[in-house]
Amino acid sequence: GPEGTLSDGFPTGYEAFYCMRYEVTRGQFADFLNAISSDAYASTTGGDRDHAGGHYTAAGRYGLSGVWPNLKPAKPYQACNLLSWWDAAKFAAWAGLRPMTELEYEKAGRGPRKPVPNEFAWGTAWIAKEEYAVANEGGADERIAANYSTAGGNANHDFTMPAFLGGATRGGVSAVPGSPMRAGIFATPDSGRIAAGASYWGILELSGNVREQVVTVGHPKGRAFTGTHGAGTLDVPEDWPEAKYSASAGRESGKDDGIGSGLRGGFFGDVPFALRPSDRSRAVHRPREASFSARSRSDENGFRAVRTAP
Numbered sequence: 019g020p021e022g023t024l025s026d027g028f029p030t031g032y033e034a035f036y037c038m039r040y041e042v043t044r045g046q047f048a049d050f051l052n053a054i055s056s057d058a059y060a061s062t063t064g065g066d067r068d069h070a071g072g073h074y075t076a077a078g079r080y081g082l083s084g085v086w087p088n089l090k091p092a093k094p095y096q097a098c099n100l101l102s103w104w105d106a107a108k109f110a111a112w113a114g115l116r117p118m119t120e121l122e123y124e125k126a127g128r129g130p131r132k133p134v135p136n137e138f139a140w141g142t143a144w145i146a147k148e149e150y151a152v153a154n155e156g157g158a159d160e161r162i163a164a165n166y167s168t169a170g171g172n173a174n175h176d177f178t179m180p181a182f183l184g185g186a187t188r189g190g191v192s193a194v195p196g197s198p199m200r201a202g203i204f205a206t207p208d209s210g211r212i213a214a215g216a217s218y219w220g221i222l223e224l225s226g227n228v229r230e231q232v233v234t235v236g237h238p239k240g241r242a243f244t245g246t247h248g249a250g251t252l253d254v255p256e257d258w259p260e261a262k263y264s265a266s267a268g269r270e271s272g273k274d275d276g277i278g279s280g281l282r283g284g285f286f287g288d289v290p291f292a293l294r295p296s297d298r299s300r301a302v303h304r305p306r307e308a309s310f311s312a313r314s315r316s317d318e319n320g321f322r323a324v325r326t327a328p
């Protein structure tokens with residue numbers, strides 16, 4: 019069609035779709051790595067560098083111990099960061115799912131309701147801003163022990179990030195790097211939508227924790243997406259943003275990876291305004307800017323996948 023138009027099959031959010039309630043966890047990503055072949059594992063994890071130039075082993079990057087195919091995560095319930103577009107796309111294809119578009123990201127948060135000025139994923143402009151204290155760090159029952167907000171929505175961001183994650187702040191800027199928290203940590207048996215930080219549909223952490231990797235409408239490759247599902251293998255469908263990186267083949271093998279993707283929702287080191295579903299400051303992949311780049315395994319980026327309803 020004409021330049022700037024969406025493909026006929028582009029998922030706009032008008033058609034029903036299923037969405038992972040939680041971001042991909044370290045435990046789920048370990049299961050993925052353990053399930054793929056040894057050659058695929060080596061191609062996925064070997065010898066690459068993060069966006070800051072640091073060298074990571076697979077175990078160090080994801081907090082895993084042991085050797086393939088028996089990798090074990092230290093914090094299996096923590097949202098998994100350090101995911102490149104390659105990682106996200108391969109995981110979704112293997113799981114028989116697909117990436118969501120940025121239009122579906124907004125639908126997943128707002129639902130059918132009209133936008134509220136400056137709203138977060140829970141539908142109001144109020145957000146917790148006091149540093150959390152956390153109990154049972156790293157466990158299945160990791161929880162907020164102090165400063166859980168009952169008025170504003172709860173989210174892991176620069177102001178609230180717990181000290182054990184590197185959350186000492188100075189004027190709104192983290193003094194040291196931080197980390198994601200347990201996926202779904204703010205939802206309790208007694209919490210409503212706002213306190214849980216939940217979307218209209220009950221989807222958690224669409225604002226904060228780790229950034230959502232989505233298919234963008236801001237690039238022709240993204241607009242060509244037709245919503246094809248993965249087939250349960252590592253083969254990425256042709257209509258998806260490119261994912262050809264191979265550690266064994268070197269960085270040039272993925273030089274175009276992620277073009278057509280983008281980032282939404284903010285992360286644990288962002289100031290609150292970056293967590294708003296309407297914020298599109300990183301909505302288009304920029305390969306020359308490290309923290310924007312889908313080629314890098316940035317500590318800011320996570321993922322969740324979707325599937326079109328039958």
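Sequential numbering from 19 applies to the sequence shown in my numbering.
Virtual Cβ for every residue (Gly too), placed ideally from N, Cα, C.
query	result
Helix, strand or coil: how does DSSP classify L222 here?	strand
Buried or exposed for G250, going by 16 or more other Cβ atoms inside 10 Å?	exposed
Less than 8 Å between the CB atoms is what I'm expecting for V228 and E41, so what's the real figure, rounded?	6 Å
Let's test the definition: count the other Cβ atoms within 10 Å of the Cβ of S299 and tell me whether it reaches 16, buried, or not, exposed.	exposed
Less than 8 Å between the beta carbons of F321 and A106, yes or no?	yes
Run through DSSP, which three-state label would K93 get?	coil
Given that a residue counts as buried once 16 or more other Cβ atoms are within 10 Å of its Cβ, and exposed if not, what is A48?	buried
What separation, rounded to the nearest whole angstrom, lies between the Cα atoms of P238 and W104?	19 Å
With DSSP as the reference, label G171 as helix, strand or coil.	strand
From the DSSP secondary-structure annotation, give me the bridge partner or partners of T326.	F35
Indicate, with yes or no, if the ligand FAD has a heavy atom lying under 7 Å from the CB of E41.	No copy of the ligand FAD appears in this structure; indeed no ligand is present at all.
Just mark V85 as buried or exposed, buried being the case when its beta carbon has 16 or more other beta carbons within 10 Å.	exposed
Could you name the residues of the same chain whose beta carbon sits closer than 7 Å to that of N319, not counting the 5 residues immediately before and after it, in chain order?	N99, L101, V228, R229, Q231 and L281
Can you give me the Cβ contacts of R378 inside the same chain, cut-off strictly under 7 Å, excluding the 5 residues immediately before and after it?	Outside the displayed span of the chain (19 to 328) sits residue 378, for which this structure offers no information.
Which first and last residues belong to the alpha helix (DSSP H) in which I212 is found?	R211 to A214
Quick check on N52: does DSSP put it in helix, strand or coil?	helix
Hey, how far is the Cα of F138 from the Cα of S25?	29 Å
At the level of alpha carbons, what is the spacing between D68 and N136?	Residue confidence for D68 is low, a pLDDT of 44 falling below 50, so the modelled location carries little weight; the figure read from the coordinates is stated next. Roughly 32 Å between the two C-alpha positions.
In this structure, what does DSSP give as the bridge partners for V232?	G280
Which of the three DSSP states is assigned to G190 in this structure?	Note on G190: pLDDT 44, under 50, position unreliable in the model; the coordinate value appears next. Looking at G190 - three-state DSSP - the assignment turns out to be coil, as it is neither helix nor strand.
Could you tell me the distance, in whole angstroms, from the CA atom of D66 to the CA atom of G141?	The pLDDT assigned to D66 is 45, lower than 50, so where the model puts this residue is not dependable; a value taken from the coordinates is nonetheless given after this. Each residue's alpha carbon lies about 39 Å from the other.
Among residues of its own chain, excluding the 5 on either side of H247, which ones have a beta-carbon nearer than 8 Å to its beta-carbon?	G114, L115, R116, P255, R325 and T326
Just confirm the distance between the C-beta atoms of G226 and F177, as a whole number of angstroms; I'd bet it's less than 8 Å.	Contact doesn't hold; Cβ gap of about 10 Å is too wide.
Rank G220, W219 and A205 by C-alpha distance to the C-alpha of A213 and give the top, closest one.	A205
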